[in-house]
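Engineer: In this note's numbering, the protein residues as written are 166 to 373.
And the structure:
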């Protein structure tokens, strides 16, 4: 499935501010939230609609509403939490799951430490969110865990992706639609995205 790379001017503008090392934690968090909202608009474009009858102040009419599709947003902790509020702005009825993975500093492979998903995750369309898709290891493992719970309709949304991560995720889960705001150049020797934005979790929470 071909990745969807965002090209909206508002996203490009906000992404420039996000990348800037002089952007403080408060503004960084706000920008991540805003970009997540804009990306959610695109990621939910294919939600099914049904026609209902309502009454306006003038007359009765037929109009469309979302057709009962259940959604779940699953952030990969901890940085993925920075995108949740932006998603919930548009889909406030969605349930939220959490998957905790961290990258081993020596092997650069993901290590699981937490997984809590809605009980009915198998019946929901799931959008997994993480600001960065670097090696792809965390995203691959998170989606595998969700599939093991029975979910079949899964999307992945990130703000910045490296070609290596995109390739790994596409190869492991070819059925998952990927949305990203930018496809960057490459990974460096420490497996950080170039030019990237640094460590998203540290910048969201001001821990470095």
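From the three backbone atoms N, C-alpha and C, an ideal C-beta is built for every residue, glycine too.
Could you tell me which of 218, 223 and 303 sits nearest to residue 245, measuring between CA atoms?
Structural biologist: Among 218, 223 and 303, the Cα nearest to that of residue 245 is on 303.
Engineer: Could you check how far apart the C-beta atoms of residue 296 and residue 323 are, in whole angstroms? I think they sit under 8 Å.
Structural biologist: At roughly 6 Å, the Cβ-Cβ gap stays under 8 Å, so residue 296 and residue 323 are in contact.
Engineer: Between which residues of its own chain and residue 170 is the CB-CB distance below 7 Å, once the five residues before and five after are set aside?
Structural biologist: The residues are 345 and 348.
Engineer: Report the partner residues of residue 322 according to the DSSP bridge assignment.
Structural biologist: Note: residue 322 sits in a beta bridge opposite 294 and 344.
Engineer: Could you pull out every residue in the same chain whose Cβ sits closer than 8 Å to the Cβ of residue 318, ignoring the five residues on either side in sequence?
Structural biologist: Cβ within range, chain order: 289, 290 and 291.
Engineer: How far does the beta strand (DSSP E) with residue 259 in it extend, from its first residue to its last?
Structural biologist: Taken as a continuous stretch (DSSP letters only), residue 259 belongs to no beta strand (DSSP E), as it is neither H nor E.
Engineer: Would you mind giving the Cβ-Cβ distance between residue 227 and residue 220, rounded to the nearest angstrom? I have them listed as a contact below 8 Å.
Structural biologist: Actually they do not touch by this definition, with Cβ atoms about 11 Å apart.
Engineer: Cα-Cα, which of 311, 283, 250 and 175 is closest to residue 235?
Structural biologist: Nearest option by C-alpha distance: 283.
Engineer: What's the C-alpha gap between residue 253 and residue 239?
Structural biologist: Roughly 11 Å separates the two Cα atoms.
Engineer: Excluding the 5 residues preceding and the 5 following residue 269 in the sequence, name in chain order all residues of the same chain whose CB lies nearer than 7 Å to its CB.
Structural biologist: Within the same chain, residue 269 has close Cβ partners 276.
Engineer: According to the neighbour-count rule (16 or more other Cβ atoms, all chains shown, within 10 Å of its Cβ), is residue 223 buried or exposed?
Structural biologist: Exposed, since its Cβ has fewer than 16 Cβ neighbours within 10 Å.
Engineer: Here's the rule: buried if 16 or more other CB atoms are within 10 angstroms of the residue's CB, otherwise exposed. What is residue 166?
Structural biologist: Residue 166 comes out exposed.
Engineer: Assign residue 272 to one of three DSSP states: helix, strand, or coil.
Structural biologist: Coil.
Engineer: With residue 362 and residue 184 assumed to form a contact (beta carbons below 8 Å), what rounded beta-carbon distance in angstroms separates them?
Structural biologist: Right, their Cβ atoms sit about 5 Å apart.
Engineer: Report yes if the C-beta distance between residue 299 and residue 327 is below 7 Å; otherwise report no.
Structural biologist: Contact flag set, yes.
Engineer: Beta carbon of residue 194, beta carbon of residue 358: below 7 Å?
Structural biologist: No, they are not a contact pair.
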